[in-house]
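Chains A and B, in that order, give the protein sequences.
Residue 102 in numbering that gives the first Met the number 0 is what sits at position 103 of the first sequence, and the numbering runs on without skipping anything.
Residue 75 in numbering that gives the first Met the number 0 is what sits at position 76 of the second sequence, and the numbering runs on without skipping anything.
Built from N, CA and C at the ideal position, the CB exists for glycine as well.
Report on the following structure.
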Amino acid sequence: MSEYIIKNGHVFDPVQGIKGDKKDIAIKDGKIVDKVGSGAKVIDASGKTVMAGAVEIHAHIAGPKVNLGRIYRPEDKLFSCTPTKGMERMGGGASIPTTFKTGYEYAKMGYTTAMEAAMPPMFSRHVHEEIRDTPIIDEGAFPVFGNNWFVLEYLKNHEIENTAAYIAWMLRVTKGYAVKVVNPGGTEAWAWGLNCLSVNDPVPYFDITPAEIVKGLIEANEYLGLPHSMHIHPNNLGNPGCYQTTLDTLALAKGMKANNKFGRETVMHLTHSQFHSYKGTNWGDFESGAKEITDYVNQNKNITIDTGNVTLDETTTMTADGPFEHHLTGLNNLKWANCDVELETAAGVVPYIYSPNISVCAIQWAIGMEIPLMMKDPMRCYITTDHPNAGPFTRYPRVIKWLMSKKARDTQINAFKHKDKVLSQTSIGSIDKELSLYELAQMTRAGPARTLGLANMCGGLKPGMDADVAVYNFNPDKPVANPDDIETAFSRCAYTFKSGVEVVRNGEIVNNGHKRTLWVNVKVNDNPQVMRDINEKFIKYYSMTQNNYEALGHHFVPNPYALEVDATHV
Amino acid sequence: MTKTVTDVICPFCGTLCDDLEVVVSDDGKQLLEVYNACVIGTEKFLHSQAKDRVTRPRLRQADGTWKEISYDEAADYTAQMLAKAKKPLMYGWSSTNCEAQSVGNEIAEISRACCDNTAAVCHGTTLIAVQDIGLPTCTLGEVKNRADRVIFWGCNPAHAHPRHMSRYSIFPRGFFTGKGQMSRKLIVIDPRVTDTAKMADVHLQIEQGKDYELLNALRVALKGEWLPDVVAGIPKEKIREAADMMKSGRFGIIFFGMGVTQSIGKNHNIDEAIAVTKDLNEYTKFSIMPMRGHYNVTGSGEVFAWQFGFPYSVDLTRGFARYNPGDTSSIDLLNRGEVDAMFTIGSDPGAHFPISAVKHIANVPSVCIDPHLTPTSGVSKLHVPVAFNGVETGGNCYRMDNVPIDCRKVVEPPAGMLTDEQFLVMVRDRLKKLKGAA
């Protein structure tokens, strides 16, 4: 493999504590190294910003509901098609781009690893086919567990060991990465058209509460010692007053300690926290609960969050929170798709237009800004748009602009039709903080990598780590004349390296890389009871046989990278 | 000695049964018996063993006779045909696996083809309706475990999807449906007294072509508003009875087929059927599902969608994907005479397209990739027989509820025969050279 040396760039690397010093980054055999030979190809990064490749912790980029979005929204392709060009396959789609476009867009922005946030286990083969067709970036997928019949039945009796054995089996057959929980209990209730709006609402028939599900899954997660913490989308998303449910959910992690060999210190990841930080009693007195949520997270160090920034675009919402999407279609009257999945989960899809002329949308935007600016530890708060729910991931550069520039935020606030309402219902007007490049690297690289249990592999530029490097046309020594320059710089990398391969040069794809599928292989002690239960459920209740369930073979996971976990000692 | 292969997937209809058992000879070359499959599925497996099967590509000669050629020559012919054409049409894809579809899409992209699948003459109208109004649906196991109201509209699974009712929709005992058939009410809407209709609790024998009216009347009845005495040939009391039956269930499902998608009203019928489902969700839980025909037509739509963004009738001639059914759909392209090369795989337009369109296929350079002799292979210039997918090669397929299931190979194809994917890879590599693509 070629050797490279990236010279004279301003390096920002929280892993080594480098804050913009001029430093050379050497690459050899796909890894960052101390030094390379004189024959190494020199990349001149003087006057540029150098960071590790960014890590996406939560996006919906592959699988059945994403593709349902593509199928049922031809209008999303209008004016967003990209023709075949050089190395690039043709692409299309703004809020739900085709797989090829997804890979290219991430790489062009300097992202090199991404996690598909909700994989219905029964559809894992579909998810992996799309992941295979998403070039360049390494990807993993989180199977959903929060409404799974096995989990509900085991946790009703607090059977942590059985839950853990089931999770281990599921991660293996679906080639999954982590334990994802979406509206615990509520999605199962949705199969009867119902919901669980608080952590104490019992799940119909199964007679268990969301609180018991969440606690049990954290315990099972730490029993196994998985790389990532339990990753949760709590109950009652998106409703005025939902911040209280969120606080109730966060409180379930109290006293829980992380147990793993991957350097992860937290036990719960609260995703798209913006959607869970609403105060008020209706859409009229809707206000921000960002302070309450960030206060709690600041004090409780075993929790991480991501933002879910509203980008003020037309987009396509999609979630395994089936009842929420039904609620949403009642609000905006746009087309509603839903799919209930036997024994496991459900999903819904509804288009949404975040209009700057609607006060609720503008307040949502402001809450998304408040959360990262109020978080004291950037290593525990990550920038996402919950792609495509709050906005497409291609808007990250714009979100970064807003977070790095008070001037840019003010321009946006002044452009809102209901500016006064935004200022009265949130505290965005009084926040002067501007994110530094170092904090940005924490929130988009080192932080998410650590929480995903990938701290030794990516998110930093320490010798020995994967050579995932992004070089931006952004000179931190010069004052920013126009905030839009920030957006321009982070939109297209001067160079992106993925595992030591130069994949982007001057904002163009020059190599399709060697994309890997990340999954977690957990060894557990034999558990005949769980194996018998699985067997029985397939015979009696699934509509397919157990032998056809696994995502097996080259076609689905052509280039796997397994993180090995040994949980047999417990 | 013989061997029994279990958990075999049936490559016939969208029900995609995956519990078949197939007995093969010890050397794995002969397929002897098929268990658990319906009569159509069994025939599909046994047909692969036909002694008179065509096993090599054949090129039509000037005098109308066929000449056997090698796969290399066939791939050369196909690649050159696609390279020369300005607007080739690559149609079919519904009876092959997703791996082959994926390579096919690469070929289409390089040759800037129009690509389309059999949804164009089948559930394409459903897709248009879904794009209008959405789709509340579920997997078939949800029907098995929960459904106490089942509606078949314009479809006859007793004949077209023979195991659908026993595996998923009427007879199985699921988690919340322990009494099987006894726990379900069955409504059938069909102008004919089909074998499915004979089993119904309520059969609404609708006047032909009046589906939209009846669906609309159902919505009115659900809301308890005024109805005329008779709608679509059905007395209003009967409509109200059906509406109340739907409303009073805990979990309902509407299955619909060609009877509504390709009769008068087309996509508007489906619009209204989905609206009925949506309305019912105000009272209880209801889903709706198209009864997809080919075993992997759903998969073709999925692969098109994640690679190009649209589920069928995709036009790549401008170098990016465009979608405009009626303009970019196969029959319309053929009837307007715009197509200058025809590539067919895994389907039979010769049997199902209007004769005007089939005549045009006969007038242009054409290739048909299909294990069978079909009307399409008959009008094509080159016929490339391939291994039976799902019998002689595996590969991923999507069931009618979008659940992917990986097909199994149970026997070896006849010596020297290629699979769809292998042949398409040969074509792609030649085409890349001809076009100088990266």
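Cα-Cα separation, residue i to residue j
i, j, result
"A345 (chain A)", "V503 (chain A)", "37 Å"
"T393 (chain A)", "S168 (chain B)", "43 Å"
"A350 (chain B)", "T117 (chain B)", "12 Å"
"E211 (chain B)", "L226 (chain B)", "Checking the sequence, you will find Tyr at residue 211 (chain B) rather than Glu. One C-alpha to the other measures close to 15 Å."
"P371 (chain A)", "E420 (chain B)", "49 Å"
"E141 (chain B)", "T98 (chain A)", "29 Å"
"M108 (chain A)", "A493 (chain A)", "9 Å"
"S94 (chain B)", "N356 (chain A)", "49 Å"
"C438 (chain B)", "R148 (chain B)", "Past the boundaries of the shown model lies residue 438 (chain B); chain B is included only from 0 to 437, so the question cannot be answered."
"H371 (chain B)", "T54 (chain B)", "10 Å"
"I127 (chain B)", "I273 (chain B)", "12 Å"
"E187 (chain A)", "I95 (chain A)", "27 Å"
"A113 (chain A)", "I382 (chain A)", "13 Å"
"D385 (chain A)", "Y165 (chain A)", "28 Å"
"N259 (chain A)", "G224 (chain A)", "4 Å"
"V126 (chain A)", "S423 (chain A)", "43 Å"
Closer than 7 Å at the beta carbon, the chain A residues around residue i
i, result
"P310 (chain B)", "I70"
"F319 (chain B)", "C80, T81, P82, M89 and G91"
"K85 (chain B)", "None at all; the shortest Cβ gap to chain A is about 17 Å."
"C97 (chain B)", "E128"
"I132 (chain B)", "K334"
Identity of the residue in the options nearest residue i by Cα
i, options, result
"K86 (chain B)", "B:G318, B:K432, B:P324 and B:P56", "B:G318"
"G292 (chain B)", "B:K2, B:C12 and B:D6", "B:C12"
"L333 (chain B)", "B:D347, B:G349 and B:H359", "B:H359"
"E313 (chain A)", "A:P350, A:K278 and A:K300", "A:P350"
"L30 (chain B)", "B:R429, B:E420, B:D419 and B:V410", "B:V410"
"S110 (chain B)", "B:M89, B:I127, B:E98 and B:S94", "B:M89"
"H527 (chain A)", "A:E507, A:E160 and A:L225", "The residue asked about is misnamed: residue 527 (chain A) is Pro in this sequence, not His. Looking at the Cα atoms, A:E160 is the closest of the given residues."
"R166 (chain B)", "A:L551, A:V564, A:T567 and A:I538", "A:I538"
"C406 (chain B)", "A:N413, A:L333, A:G552 and A:T293", "A:G552"
"T111 (chain A)", "A:V500, A:H227 and A:K179", "A:V500"
"G308 (chain B)", "B:A272, B:Q130 and B:K28", "B:Q130"
"G38 (chain A)", "A:D294, A:I26, A:T81 and A:I56", "A:I26"
"F122 (chain A)", "B:R398, B:L417, B:A107 and B:A36", "B:R398"
Beta carbon of residue i nearer than 8 Å to that of residue j
i, j, result
"F555 (chain A)", "E138 (chain A)", "no"
"I399 (chain A)", "I304 (chain A)", "no"
"S286 (chain B)", "D320 (chain A)", "no"
"S404 (chain A)", "E433 (chain A)", "yes"
"N182 (chain A)", "H232 (chain A)", "yes"
"A445 (chain A)", "G463 (chain A)", "no"
"I217 (chain A)", "M267 (chain A)", "yes"
"E240 (chain B)", "V201 (chain B)", "yes"
"N199 (chain A)", "P322 (chain A)", "no"
"E2 (chain A)", "A61 (chain A)", "no"
"L249 (chain A)", "Y295 (chain A)", "yes"
Amino acids of chain A, ordered along the chain, whose beta-carbon sits closer than 8 Å to that of residue i
i, result
"Y34 (chain B)", "Simply none; closest approach about 14 Å."
"E141 (chain B)", "A190, D339, V340 and E341"
"S286 (chain B)", "N337 and D339"
"F250 (chain B)", "A190 and W191"
"I68 (chain B)", "Neighbours of I68 (chain B) on chain A: none; closest Cβ ~30 Å, over 8 Å."
Chain-ordered neighbours of residue i on chain B, where CB pairs are closer than 7 Å
i, result
"N66 (chain A)", "E301, A304 and W305"
"V340 (chain A)", "T138"
"D33 (chain A)", "None at all; the shortest Cβ gap to chain B is about 36 Å."
Neighbouring residues, chain B, relative to residue i (Cβ below 8 Å)
i, result
"L551 (chain A)", "D405"
Partners in chain B for residue i, counting only beta-carbon separations shorter than 9 Å
i, result
"P377 (chain A)", "Those do not exist, as P377 (chain A) stays about 34 Å from chain B at its closest Cβ, beyond 9 Å."
Within chain A, the residues that residue i reaches when beta carbons sit closer than 9 Å
i, result
"R427 (chain B)", "The premise fails here: R427 (chain B) is roughly 13 Å from chain A at the closest Cβ pair, so nothing lies under 9 Å."
- Query: Just by C-beta distance, which residues in the segment 170-190 of chain A are closer than 7 Å to chain E?
  - Reply: Going by chain labels, chain E is absent from the structure shown, which instead holds the protein chains A and B.
- Query: Along the chain, which unbroken stretches of the alpha helix (DSSP H) at least 4 residues long are found entirely within the segment 285-334 of chain B?
  - Reply: 296-307 and 329-334
- Only counting runs of 3 or more residues, tell me where the beta strand (DSSP E) segments fall wholly within the segment 53-124 of chain A, in order along the chain. 53-58 and 110-118
- Task: Quick one: which unbroken alpha helix (DSSP H) runs of 4-plus residues sit fully inside the segment 179-258 of chain A? Chain order, please.
- Result: Secondary structure in the segment 179-258 of chain A: the alpha helix (DSSP H) runs of 4 residues or longer, each lying completely within the stretch, are 185-189, 209-223 and 242-250 in chain order.
- Enumerated in chain order, which unbroken segments of the alpha helix (DSSP H) with a length of 4 residues or greater are wholly contained in the segment 111-189 of chain B? 123-132, 139-145 and 156-159
- Query: What are the uninterrupted segments assigned as alpha helix (DSSP H) that are 4 or more residues long and contained completely in the segment 475-513 of chain A, given in chain order?
  - Reply: Within the segment 475-513 of chain A, the complete alpha helix (DSSP H) runs of at least 4 residues are 483-490.
- Task: Would you list, in sequence order, the uninterrupted beta strand (DSSP E) runs of no fewer than 3 residues that lie entirely inside the segment 44-115 of chain B?
- Result: 57-59, 65-67 and 87-91
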